[in-house]
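First up is the structure itself, then whatever we jot down about it.
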Amino acid sequence: MAEPQTGLVRTIGRWSLAALMVNTMVGASIFGLPALIAARLGCLSPVGFFLAFAIIAVIAACMAEVASQFQETGGPYLYTRVAFGRFLAIQNGWLTWLTRIAAVSAVANLFITYLAEFFPAATTPFTRVAILTALIAFLAAVNYCGVGGGKQLSNIFTVSKLSLLAFFVIAGLLALAFHPDIRLHPTSTAATYADWFEALLLMMYSYGGFEAALIASGETRNARKDIPFALFVAIGATTLLYIAVQYLVIHTIPNAGRSAAPVVDSARGFLPYWAVRIVAAGTLISAYGYLSANVLHTPRVTFAMGERGDFPAFFGSIHPRFRTPHVSIMIFAVLLLIFSIAGDFRWNALLSSVARLFVYGSVAAALPVLRKKNPLADAFRLPCGIFFSVLALAFCAVLVTRMHRQEFLVIAVTTGLAFVNWLAVRNQAIGFVPET
(Lines of atoms letter the chains of each structure in order from A and count residues from 1; the text may use other names and numbers.)
(Lines give C-alpha, C1' and ligand atoms only; values in the text may rest on other atoms or scores of the structure.)
Protein backbone atom coordinates (compact mmCIF):
# COMPACT_ATOMS: atom_id res chain seq x y z
CA MET A 1 0.00 0.00 0.00
CA ALA A 2 1.43 3.34 -0.95
CA GLU A 3 2.32 5.70 1.84
CA PRO A 4 1.79 9.22 0.62
CA GLN A 5 3.06 12.19 2.55
CA THR A 6 -0.03 13.53 4.27
CA GLY A 7 1.62 16.49 5.98
CA LEU A 8 0.32 15.31 9.38
CA VAL A 9 2.70 15.13 12.34
CA ARG A 10 2.96 11.56 13.67
CA THR A 11 2.91 12.13 17.42
CA ILE A 12 0.38 9.55 18.69
CA GLY A 13 2.03 6.54 20.38
CA ARG A 14 0.44 3.17 21.14
CA TRP A 15 -0.59 4.02 24.70
CA SER A 16 -1.90 7.42 23.65
CA LEU A 17 -3.93 5.74 20.90
CA ALA A 18 -5.28 3.19 23.40
CA ALA A 19 -6.28 6.04 25.74
CA LEU A 20 -7.96 7.84 22.84
CA MET A 21 -9.95 4.70 22.02
CA VAL A 22 -11.01 4.22 25.64
CA ASN A 23 -12.20 7.82 25.72
CA THR A 24 -14.21 7.43 22.50
CA MET A 25 -15.78 4.14 23.67
CA VAL A 26 -16.55 5.11 27.26
CA GLY A 27 -19.17 7.69 26.46
CA ALA A 28 -22.09 8.79 28.55
CA SER A 29 -24.04 5.69 27.45
CA ILE A 30 -22.66 3.75 30.41
CA PHE A 31 -24.81 5.94 32.67
CA GLY A 32 -27.99 4.64 31.03
CA LEU A 33 -27.34 1.22 29.51
CA PRO A 34 -26.95 -0.84 32.73
CA ALA A 35 -30.69 -0.63 33.44
CA LEU A 36 -31.63 -1.71 29.90
CA ILE A 37 -29.21 -4.64 30.08
CA ALA A 38 -30.41 -5.63 33.55
CA ALA A 39 -34.04 -5.57 32.37
CA ARG A 40 -33.19 -8.20 29.75
CA LEU A 41 -30.55 -10.36 31.43
CA GLY A 42 -30.96 -9.75 35.17
CA CYS A 43 -28.17 -11.30 37.23
CA LEU A 44 -26.52 -12.57 34.04
CA SER A 45 -25.98 -9.08 32.68
CA PRO A 46 -22.25 -8.98 33.59
CA VAL A 47 -21.86 -12.22 31.60
CA GLY A 48 -23.45 -10.43 28.67
CA PHE A 49 -20.50 -8.05 28.57
CA PHE A 50 -18.11 -11.00 28.27
CA LEU A 51 -20.06 -12.16 25.21
CA ALA A 52 -20.12 -8.64 23.82
CA PHE A 53 -16.36 -8.46 24.37
CA ALA A 54 -15.90 -11.68 22.37
CA ILE A 55 -17.96 -10.28 19.48
CA ILE A 56 -16.32 -6.88 19.44
CA ALA A 57 -12.87 -8.49 19.77
CA VAL A 58 -13.47 -10.49 16.58
CA ILE A 59 -14.60 -7.34 14.78
CA ALA A 60 -11.66 -5.37 16.19
CA ALA A 61 -9.23 -8.08 15.09
CA CYS A 62 -10.40 -7.63 11.50
CA MET A 63 -10.26 -3.86 11.96
CA ALA A 64 -6.68 -4.14 13.25
CA GLU A 65 -5.41 -5.94 10.15
CA VAL A 66 -7.24 -3.68 7.73
CA ALA A 67 -6.24 -0.47 9.52
CA SER A 68 -2.59 -1.52 9.77
CA GLN A 69 -2.33 -1.44 5.96
CA PHE A 70 -2.90 2.31 5.89
CA GLN A 71 -0.82 5.26 6.97
CA GLU A 72 -3.38 7.73 5.61
CA THR A 73 -6.07 9.38 7.73
CA GLY A 74 -9.61 8.19 6.97
CA GLY A 75 -10.75 5.21 9.03
CA PRO A 76 -13.46 2.78 7.84
CA TYR A 77 -14.51 5.11 5.01
CA LEU A 78 -11.00 4.92 3.54
CA TYR A 79 -10.76 1.14 3.92
CA THR A 80 -14.05 0.62 2.11
CA ARG A 81 -13.02 3.09 -0.60
CA VAL A 82 -9.84 1.15 -1.38
CA ALA A 83 -11.40 -2.33 -1.10
CA PHE A 84 -14.74 -1.84 -2.84
CA GLY A 85 -14.75 1.52 -4.56
CA ARG A 86 -16.64 4.74 -4.26
CA PHE A 87 -20.21 3.41 -4.12
CA LEU A 88 -19.81 1.40 -0.91
CA ALA A 89 -17.54 4.07 0.56
CA ILE A 90 -20.29 6.67 0.18
CA GLN A 91 -22.82 4.25 1.71
CA ASN A 92 -20.38 3.75 4.57
CA GLY A 93 -19.97 7.49 5.02
CA TRP A 94 -23.71 8.10 5.27
CA LEU A 95 -24.22 5.20 7.70
CA THR A 96 -21.34 6.45 9.85
CA TRP A 97 -23.01 9.84 9.95
CA LEU A 98 -26.31 8.22 10.98
CA THR A 99 -24.46 6.25 13.65
CA ARG A 100 -23.20 9.44 15.24
CA ILE A 101 -26.48 11.32 14.96
CA ALA A 102 -28.35 8.51 16.72
CA ALA A 103 -25.62 7.96 19.33
CA VAL A 104 -25.55 11.62 20.31
CA SER A 105 -29.36 11.80 20.32
CA ALA A 106 -29.45 8.90 22.78
CA VAL A 107 -27.13 10.77 25.13
CA ALA A 108 -29.19 13.96 24.77
CA ASN A 109 -32.15 12.00 26.14
CA LEU A 110 -29.96 10.62 28.91
CA PHE A 111 -29.08 14.19 29.84
CA ILE A 112 -32.78 14.95 30.32
CA THR A 113 -33.21 11.85 32.49
CA TYR A 114 -30.40 12.83 34.85
CA LEU A 115 -31.41 16.49 34.85
CA ALA A 116 -34.72 15.33 36.33
CA GLU A 117 -32.78 14.43 39.49
CA PHE A 118 -32.50 18.19 40.10
CA PHE A 119 -35.44 19.47 38.05
CA PRO A 120 -38.25 16.86 37.94
CA ALA A 121 -40.26 18.82 35.37
CA ALA A 122 -37.48 18.22 32.81
CA THR A 123 -39.18 15.05 31.59
CA THR A 124 -42.55 16.68 30.85
CA PRO A 125 -43.12 16.91 27.07
CA PHE A 126 -42.94 20.68 26.58
CA THR A 127 -40.04 21.22 28.99
CA ARG A 128 -38.12 18.30 27.49
CA VAL A 129 -38.33 19.79 24.00
CA ALA A 130 -37.37 23.25 25.27
CA ILE A 131 -34.32 21.94 27.13
CA LEU A 132 -33.16 19.80 24.20
CA THR A 133 -33.50 22.78 21.87
CA ALA A 134 -31.50 25.08 24.17
CA LEU A 135 -28.88 22.40 24.82
CA ILE A 136 -28.19 21.64 21.17
CA ALA A 137 -28.48 25.26 20.03
CA PHE A 138 -25.85 26.40 22.52
CA LEU A 139 -23.34 23.74 21.47
CA ALA A 140 -23.96 24.44 17.80
CA ALA A 141 -23.43 28.17 18.39
CA VAL A 142 -20.14 27.57 20.25
CA ASN A 143 -18.76 25.48 17.41
CA TYR A 144 -20.27 27.68 14.69
CA CYS A 145 -18.34 30.67 16.02
CA GLY A 146 -15.00 28.91 16.44
CA VAL A 147 -13.37 25.60 17.29
CA GLY A 148 -11.27 26.91 20.18
CA GLY A 149 -14.13 27.04 22.67
CA GLY A 150 -15.34 23.63 21.54
CA LYS A 151 -11.93 22.05 22.17
CA GLN A 152 -11.70 23.52 25.67
CA LEU A 153 -15.17 22.25 26.60
CA SER A 154 -14.36 18.79 25.21
CA ASN A 155 -11.15 18.47 27.25
CA ILE A 156 -12.84 19.53 30.50
CA PHE A 157 -15.72 17.09 30.05
CA THR A 158 -13.41 14.18 29.20
CA VAL A 159 -11.53 14.51 32.49
CA SER A 160 -14.82 14.86 34.42
CA LYS A 161 -16.32 11.74 32.86
CA LEU A 162 -13.40 9.41 33.55
CA SER A 163 -12.86 10.79 37.07
CA LEU A 164 -16.52 10.28 37.94
CA LEU A 165 -16.55 6.67 36.71
CA ALA A 166 -13.35 5.87 38.60
CA PHE A 167 -14.81 7.35 41.80
CA PHE A 168 -18.11 5.48 41.37
CA VAL A 169 -16.50 2.09 40.70
CA ILE A 170 -13.84 2.30 43.43
CA ALA A 171 -16.28 3.59 46.06
CA GLY A 172 -18.88 0.99 45.13
CA LEU A 173 -16.54 -2.00 45.16
CA LEU A 174 -15.01 -0.91 48.47
CA ALA A 175 -18.48 -0.44 49.98
CA LEU A 176 -19.56 -3.94 48.95
CA ALA A 177 -16.31 -5.42 50.24
CA PHE A 178 -16.42 -3.76 53.69
CA HIS A 179 -20.21 -3.65 54.12
CA PRO A 180 -21.56 -6.89 52.61
CA ASP A 181 -24.93 -6.25 54.25
CA ILE A 182 -25.76 -3.64 51.58
CA ARG A 183 -25.28 -6.15 48.77
CA LEU A 184 -28.49 -7.19 47.03
CA HIS A 185 -28.88 -10.56 45.37
CA PRO A 186 -30.78 -10.13 42.09
CA THR A 187 -33.13 -12.92 41.15
CA SER A 188 -32.51 -14.98 38.05
CA THR A 189 -34.23 -13.78 34.89
CA ALA A 190 -35.54 -16.24 32.32
CA ALA A 191 -33.92 -14.40 29.42
CA THR A 192 -35.13 -15.45 25.99
CA TYR A 193 -33.05 -15.53 22.81
CA ALA A 194 -34.69 -12.23 21.86
CA ASP A 195 -33.57 -10.72 25.20
CA TRP A 196 -29.99 -11.85 24.65
CA PHE A 197 -29.85 -10.55 21.09
CA GLU A 198 -31.29 -7.16 22.01
CA ALA A 199 -28.98 -6.89 25.02
CA LEU A 200 -25.96 -7.67 22.83
CA LEU A 201 -27.14 -5.15 20.26
CA LEU A 202 -27.37 -2.49 22.98
CA MET A 203 -23.91 -3.44 24.20
CA MET A 204 -22.54 -2.80 20.71
CA TYR A 205 -23.62 0.79 21.29
CA SER A 206 -21.55 0.93 24.47
CA TYR A 207 -18.43 -0.19 22.56
CA GLY A 208 -19.01 2.09 19.61
CA GLY A 209 -16.37 4.67 18.98
CA PHE A 210 -13.10 2.76 18.82
CA GLU A 211 -13.28 2.94 15.03
CA ALA A 212 -13.49 6.74 15.25
CA ALA A 213 -10.00 6.83 16.76
CA LEU A 214 -8.71 5.02 13.67
CA ILE A 215 -9.51 8.10 11.62
CA ALA A 216 -6.47 9.62 13.32
CA SER A 217 -4.17 6.81 12.11
CA GLY A 218 -2.42 9.30 9.86
CA GLU A 219 -1.04 10.89 13.04
CA THR A 220 0.09 7.60 14.63
CA ARG A 221 3.82 6.94 14.95
CA ASN A 222 3.67 3.34 13.74
CA ALA A 223 0.13 2.52 12.67
CA ARG A 224 0.93 -1.05 11.61
CA LYS A 225 2.12 -2.05 15.07
CA ASP A 226 0.37 0.42 17.34
CA ILE A 227 -3.21 0.03 16.06
CA PRO A 228 -3.57 -3.73 16.90
CA PHE A 229 -2.00 -3.15 20.34
CA ALA A 230 -4.17 -0.14 21.12
CA LEU A 231 -7.38 -1.83 19.96
CA PHE A 232 -7.09 -4.83 22.25
CA VAL A 233 -5.82 -2.88 25.26
CA ALA A 234 -8.65 -0.36 24.92
CA ILE A 235 -11.41 -2.93 24.42
CA GLY A 236 -10.15 -5.06 27.32
CA ALA A 237 -9.94 -2.10 29.70
CA THR A 238 -13.36 -0.84 28.64
CA THR A 239 -14.92 -4.27 29.18
CA LEU A 240 -13.57 -4.47 32.73
CA LEU A 241 -15.00 -1.02 33.49
CA TYR A 242 -18.42 -1.93 32.06
CA ILE A 243 -18.57 -5.18 34.00
CA ALA A 244 -17.73 -3.33 37.23
CA VAL A 245 -20.46 -0.73 36.64
CA GLN A 246 -23.02 -3.41 35.69
CA TYR A 247 -22.10 -5.48 38.76
CA LEU A 248 -22.62 -2.51 41.07
CA VAL A 249 -25.96 -1.62 39.49
CA ILE A 250 -27.53 -5.07 39.82
CA HIS A 251 -26.20 -5.56 43.38
CA THR A 252 -27.27 -2.19 44.79
CA ILE A 253 -30.62 -1.41 43.09
CA PRO A 254 -33.80 -3.43 43.68
CA ASN A 255 -35.36 -4.14 40.26
CA ALA A 256 -32.42 -2.50 38.49
CA GLY A 257 -34.10 -2.97 35.12
CA ARG A 258 -36.71 -0.35 36.03
CA SER A 259 -34.23 2.37 36.96
CA ALA A 260 -34.24 5.48 34.76
CA ALA A 261 -30.93 6.74 36.21
CA PRO A 262 -29.06 3.56 37.21
CA VAL A 263 -25.72 5.09 38.22
CA VAL A 264 -27.32 7.60 40.60
CA ASP A 265 -29.76 5.01 41.96
CA SER A 266 -26.84 2.65 42.55
CA ALA A 267 -24.81 5.37 44.29
CA ARG A 268 -27.68 5.90 46.74
CA GLY A 269 -26.98 2.41 48.05
CA PHE A 270 -23.45 3.12 49.26
CA LEU A 271 -22.76 6.88 49.20
CA PRO A 272 -23.97 9.75 51.43
CA TYR A 273 -26.53 12.18 50.05
CA TRP A 274 -24.01 14.90 49.14
CA ALA A 275 -21.88 12.40 47.20
CA VAL A 276 -24.93 11.12 45.32
CA ARG A 277 -25.65 14.69 44.22
CA ILE A 278 -22.07 14.99 43.01
CA VAL A 279 -22.48 11.79 41.00
CA ALA A 280 -25.71 13.11 39.49
CA ALA A 281 -24.09 16.43 38.61
CA GLY A 282 -21.04 14.65 37.25
CA THR A 283 -23.24 12.50 35.04
CA LEU A 284 -24.84 15.62 33.60
CA ILE A 285 -21.39 17.06 32.93
CA SER A 286 -20.30 13.81 31.25
CA ALA A 287 -23.40 13.65 29.06
CA TYR A 288 -23.02 17.26 28.06
CA GLY A 289 -19.34 16.67 27.37
CA TYR A 290 -20.16 13.82 25.02
CA LEU A 291 -22.54 16.11 23.17
CA SER A 292 -19.90 18.82 23.07
CA ALA A 293 -17.24 16.54 21.60
CA ASN A 294 -19.55 15.20 18.91
CA VAL A 295 -20.92 18.58 17.86
CA LEU A 296 -17.26 19.55 17.50
CA HIS A 297 -15.98 16.52 15.57
CA THR A 298 -18.85 15.01 13.57
CA PRO A 299 -19.51 18.05 11.32
CA ARG A 300 -15.83 17.99 10.39
CA VAL A 301 -16.21 14.44 9.05
CA THR A 302 -19.04 15.48 6.72
CA PHE A 303 -17.10 18.65 5.88
CA ALA A 304 -14.11 16.56 4.76
CA MET A 305 -16.33 14.28 2.67
CA GLY A 306 -18.08 17.27 1.12
CA GLU A 307 -14.73 18.81 0.30
CA ARG A 308 -13.58 15.52 -1.25
CA GLY A 309 -16.74 15.26 -3.33
CA ASP A 310 -18.28 12.22 -1.63
CA PHE A 311 -20.95 14.24 0.19
CA PRO A 312 -23.00 17.09 -1.31
CA ALA A 313 -20.66 20.02 -1.90
CA PHE A 314 -22.42 22.39 0.53
CA PHE A 315 -21.18 20.23 3.44
CA GLY A 316 -17.70 21.47 2.54
CA SER A 317 -18.58 25.15 2.97
CA ILE A 318 -16.48 27.28 5.33
CA HIS A 319 -17.84 30.36 7.08
CA PRO A 320 -16.05 33.44 5.68
CA ARG A 321 -15.58 35.02 9.11
CA PHE A 322 -15.33 32.19 11.64
CA ARG A 323 -13.57 29.71 9.31
CA THR A 324 -15.73 26.84 10.59
CA PRO A 325 -17.74 24.23 8.62
CA HIS A 326 -20.93 26.13 9.42
CA VAL A 327 -23.27 24.27 7.06
CA SER A 328 -22.16 20.87 8.36
CA ILE A 329 -22.57 22.11 11.93
CA MET A 330 -26.09 23.45 11.38
CA ILE A 331 -27.32 20.37 9.49
CA PHE A 332 -25.94 18.08 12.18
CA ALA A 333 -27.54 20.18 14.93
CA VAL A 334 -30.96 20.17 13.24
CA LEU A 335 -30.90 16.39 12.68
CA LEU A 336 -29.66 15.88 16.22
CA LEU A 337 -32.61 17.85 17.57
CA ILE A 338 -35.10 15.92 15.41
CA PHE A 339 -33.78 12.50 16.46
CA SER A 340 -33.53 13.55 20.12
CA ILE A 341 -37.14 14.70 20.22
CA ALA A 342 -38.57 11.86 18.12
CA GLY A 343 -36.82 8.97 19.88
CA ASP A 344 -35.85 8.04 23.43
CA PHE A 345 -32.51 6.77 24.73
CA ARG A 346 -33.19 3.11 23.94
CA TRP A 347 -34.44 3.68 20.38
CA ASN A 348 -31.55 5.92 19.41
CA ALA A 349 -29.04 3.51 20.99
CA LEU A 350 -30.47 0.61 18.99
CA LEU A 351 -30.46 2.64 15.77
CA SER A 352 -26.86 3.67 16.32
CA SER A 353 -25.85 0.05 16.95
CA VAL A 354 -27.57 -1.25 13.83
CA ALA A 355 -26.01 1.41 11.60
CA ARG A 356 -22.61 0.79 13.18
CA LEU A 357 -22.83 -2.95 12.47
CA PHE A 358 -23.11 -2.21 8.74
CA VAL A 359 -19.87 -0.23 9.00
CA TYR A 360 -18.15 -3.00 10.97
CA GLY A 361 -19.35 -5.58 8.47
CA SER A 362 -17.91 -3.61 5.56
CA VAL A 363 -14.48 -3.51 7.21
CA ALA A 364 -14.59 -7.25 7.96
CA ALA A 365 -15.51 -7.90 4.33
CA ALA A 366 -12.61 -5.71 3.22
CA LEU A 367 -10.03 -7.94 4.93
CA PRO A 368 -9.86 -10.75 2.31
CA VAL A 369 -10.22 -8.24 -0.53
CA LEU A 370 -7.24 -6.20 0.66
CA ARG A 371 -5.21 -9.36 1.24
CA LYS A 372 -5.79 -10.29 -2.38
CA LYS A 373 -4.99 -6.80 -3.64
CA ASN A 374 -1.85 -6.45 -1.52
CA PRO A 375 -0.56 -9.93 -0.63
CA LEU A 376 2.91 -8.59 0.22
CA ALA A 377 1.79 -5.57 2.23
CA ASP A 378 3.98 -4.78 5.24
CA ALA A 379 1.11 -4.96 7.72
CA PHE A 380 -0.24 -6.83 10.72
CA ARG A 381 -1.52 -10.23 9.60
CA LEU A 382 -4.30 -11.71 11.68
CA PRO A 383 -3.85 -15.48 12.13
CA CYS A 384 -6.80 -17.29 10.52
CA GLY A 385 -7.83 -13.89 9.20
CA ILE A 386 -10.34 -15.17 6.65
CA PHE A 387 -12.07 -17.21 9.37
CA PHE A 388 -12.30 -14.15 11.63
CA SER A 389 -13.61 -12.08 8.72
CA VAL A 390 -16.42 -14.57 8.07
CA LEU A 391 -17.15 -14.83 11.80
CA ALA A 392 -17.35 -11.04 12.17
CA LEU A 393 -19.69 -10.81 9.19
CA ALA A 394 -21.87 -13.55 10.71
CA PHE A 395 -22.05 -11.73 14.06
CA CYS A 396 -23.01 -8.48 12.34
CA ALA A 397 -25.62 -10.18 10.14
CA VAL A 398 -27.29 -11.98 13.05
CA LEU A 399 -27.44 -8.89 15.27
CA VAL A 400 -28.74 -6.69 12.44
CA THR A 401 -31.76 -9.00 12.09
CA ARG A 402 -32.90 -7.83 15.53
CA MET A 403 -33.72 -4.33 14.30
CA HIS A 404 -37.35 -3.27 14.34
CA ARG A 405 -39.43 -1.63 11.63
CA GLN A 406 -38.56 1.92 12.70
CA GLU A 407 -34.81 1.28 12.58
CA PHE A 408 -35.18 -0.48 9.23
CA LEU A 409 -37.00 2.50 7.74
CA VAL A 410 -34.32 4.96 8.89
CA ILE A 411 -31.54 2.71 7.55
CA ALA A 412 -33.40 2.35 4.24
CA VAL A 413 -33.86 6.11 3.87
CA THR A 414 -30.18 6.71 4.70
CA THR A 415 -28.89 4.18 2.17
CA GLY A 416 -31.34 5.58 -0.39
CA LEU A 417 -29.96 9.08 0.11
CA ALA A 418 -26.44 7.69 -0.18
CA PHE A 419 -27.39 6.06 -3.48
CA VAL A 420 -28.75 9.35 -4.83
CA ASN A 421 -25.55 11.03 -3.61
CA TRP A 422 -23.47 8.45 -5.51
CA LEU A 423 -25.50 8.95 -8.69
CA ALA A 424 -24.85 12.68 -8.47
CA VAL A 425 -21.08 12.45 -7.95
CA ARG A 426 -20.01 9.19 -9.61
CA ASN A 427 -18.54 10.90 -12.66
CA GLN A 428 -16.85 13.68 -10.72
CA ALA A 429 -13.23 13.62 -9.69
CA ILE A 430 -12.56 13.07 -6.01
CA GLY A 431 -10.10 15.00 -3.94
CA PHE A 432 -8.16 11.98 -2.68
CA VAL A 433 -7.67 8.55 -4.23
CA PRO A 434 -5.45 6.20 -2.24
CA GLU A 435 -3.05 4.23 -4.36
CA THR A 436 -3.21 0.44 -4.26
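Quick note on numbering that gives the first Met the number 0: the sequence shown kicks off at 0 and runs consecutively. Glycine included, every Cβ here is placed at the ideal spot set by N, Cα and C. Bear in mind that the values here come from a model prediction, so they are computed numbers and not experimental data.
Near residue i, what residues of its chain come up, given a Cβ to Cβ distance below 6 Å and the 5 sequence neighbours on each side ignored?
i	result
GLY26	TYR289
ILE252	SER258, ASP264 and SER265
SER447	Outside the displayed span of the chain (0 to 435) sits residue 447, for which this structure offers no information.
TYR437	Residue 437 is absent from the structure shown; the chain starts at 0 and stops at 435.
For residue i, count neighbouring Cβ atoms within 10 angstroms of its own Cβ and tell me buried if that reaches 16, exposed if not.
i	result
LYS371	exposed
ILE181	exposed
TRP93	buried
ASN293	buried
SER493	Given that the chain is displayed from residue 0 to residue 435, the structure contains no residue 493 and the question cannot be resolved.
ALA120	exposed
GLY415	exposed
ILE337	exposed
GLY84	exposed
PRO45	buried
TYR287	buried
ARG80	buried
ARG39	buried
ARG320	exposed
TYR192	exposed
ASN426	exposed
ARG127	buried
The alpha helix (DSSP H) with residue i in it runs from where to where?
i	result
ASP264	261-266
ALA101	85-114
THR301	272-307
PHE357	344-372
HIS325	325-341
ALA312	Note, ALA312: premise wrong, no alpha helix (DSSP H); not H, not E.
ASN420	404-424
PHE49	44-67
LEU200	192-206
What residues in its chain sit with their C-beta under 7 Å from that of residue i, if we drop five residues either side in the sequence?
i	result
ALA170	PHE269 and LEU270
ILE89	ASP309, ALA417, ASN420 and TRP421
ALA174	ILE181 and PHE269
ALA105	SER28, PHE344, ASN347, ALA348 and SER351
GLU406	LEU349, LEU350 and VAL353
Near residue i, which residues of its chain fall below 8 Å by C-beta distance, leaving aside the five closest residues on each side in sequence?
i	result
VAL57	PHE387, LEU390, ALA391 and PHE394
VAL275	VAL263, ALA266 and ARG267
VAL358	PRO75, ASN91, LEU94, THR95, THR98 and GLU210
LEU240	VAL25, ILE29, LEU164 and VAL168
Under 8 Å by Cβ, that's how I've got residue i and residue j pegged, so tell me the actual separation to the nearest angstrom.
i	j	result
SER285	LYS160	4 Å
LEU201	ILE385	Incorrect: roughly 29 Å between the Cβ atoms, too far for contact.
SER230	ALA341	Looking at the sequence shown, residue 230 is not Ser but Leu. Actually they do not touch by this definition, with Cβ atoms about 34 Å apart.
ILE100	LEU356	Contact flag wrong, Cβ pair sits at about 16 Å.
VAL65	LEU366	6 Å
VAL368	ALA82	4 Å
GLY360	LEU199	The pair is not a contact, with the Cβ atoms about 15 Å apart (cut-off 8 Å).
Could you tell me which uninterrupted alpha helix (DSSP H) segments, each at least 4 residues in length, are contained entirely in the segment 117-186, listed from first to last along the chain?
Counting only unbroken stretches of 4 or more residues, the alpha helix (DSSP H) elements lying wholly within the segment 117-186 are 124-144 and 146-177, in sequence order.
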